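For reference, the structure is listed below as structure tokens.
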Amino acid sequence: MSNLVDLTAWPLVNAGQNGRLTVQDATELADALRTTLDRAKAENRQFAIVMDQRERSAPEKGATEILHGFWTQHAEEIAAWCAGMASIVATPSLADLVQNPGPGGLAVLGTVDPDAAAAWARDRLALAEA
Numbered sequence: 001m002s003n004l005v006d007l008t009a010w011p012l013v014n015a016g017q018n019g020r021l022t023v024q025d026a027t028e029l030a031d032a033l034r035t036t037l038d039r040a041k042a043e044n045r046q047f048a049i050v051m052d053q054r055e056r057s058a059p060e061k062g063a064t065e066i067l068h069g070f071w072t073q074h075a076e077e078i079a080a081w082c083a084g085m086a087s088i089v090a091t092p093s094l095a096d097l098v099q100n101p102g103p104g105g106l107a108v109l110g111t112v113d114p115d116a117a118a119a120w121a122r123d124r125l126a127l128a129e130a
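Each residue of the sequence shown is one higher than the last, beginning at 1 in this note's numbering.
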């Protein structure tokens, strides 16, 4: 499992995409999401993601395409198993760029507040498990 993804609070998934996103990081993130999807299916349980991107910088050539390709290919599957994804970004203007719903109808939140992101993700999980 990627060191960029932490499953210790399962089904709350904490992830980080800070610094320069490399092709290796993007591949690890995609692999970790595949593993997360497989676990959700095996347990028949939805998950939620809190993605910290506050210190993100320009990606390595090809890195973004790896992640976007994975999300595009698996958008409906992700939306079916992921109760929501909160993206923590550096500025309110970046948070405003987050479009809800996301790929495949996934519920998403853009925020600069890590506590708000975690609370939103926990609320999405509670709704999914109700």
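Idealized CB from N, CA, C, for every residue including glycine. Since we're looking at a predicted model, the values are computed, not measured.
With fewer than 16 other Cβ atoms from the protein chains shown falling within 10 Å of its own Cβ, G105 counts as exposed. Rounded to the nearest whole angstrom, the CA to CA distance from G84 to N44 is 16 Å. Per DSSP, L109 lies in no alpha helix (DSSP H) segment; the continuous beta strand (DSSP E) that holds it begins and ends at 108 to 111.
Between the alpha carbons of N100 and G110 lies a gap of roughly 9 Å. Cβ-Cβ distances below 7 Å link P92 to V112 in the same chain, with the five nearest sequence neighbours on each side left out; the list follows chain order. Considered as a whole, the region 83 to 126 harbours 108 to 111 as its complete beta strand (DSSP E) runs of no fewer than 3 residues, in chain order. Note on geometry: alpha-carbon atoms of A121 and K61 lie some 31 Å from one another. Shown here for T64: same chain residues with a beta carbon closer than 8 Å to its own, the five before and five after excluded, namely L21, A26 in chain order. With respect to P103, A130 sits apart: the two C-beta atoms are not nearer than 8 Å. Apart from the 5 residues on each side of it in sequence, G19 sits with its Cβ closer than 8 Å to the Cβ of E55, R56, S57 in its chain, given in chain order. Cβ contact annotation for A128 (same chain, cutoff 6 Å, sequence separation greater than five): Q46, A83, in chain order. DSSP places L12 in the strand class (E or B) of the three-state scheme. In the DSSP assignment, A30 falls within the unbroken alpha helix (DSSP H) covering 23 to 43.
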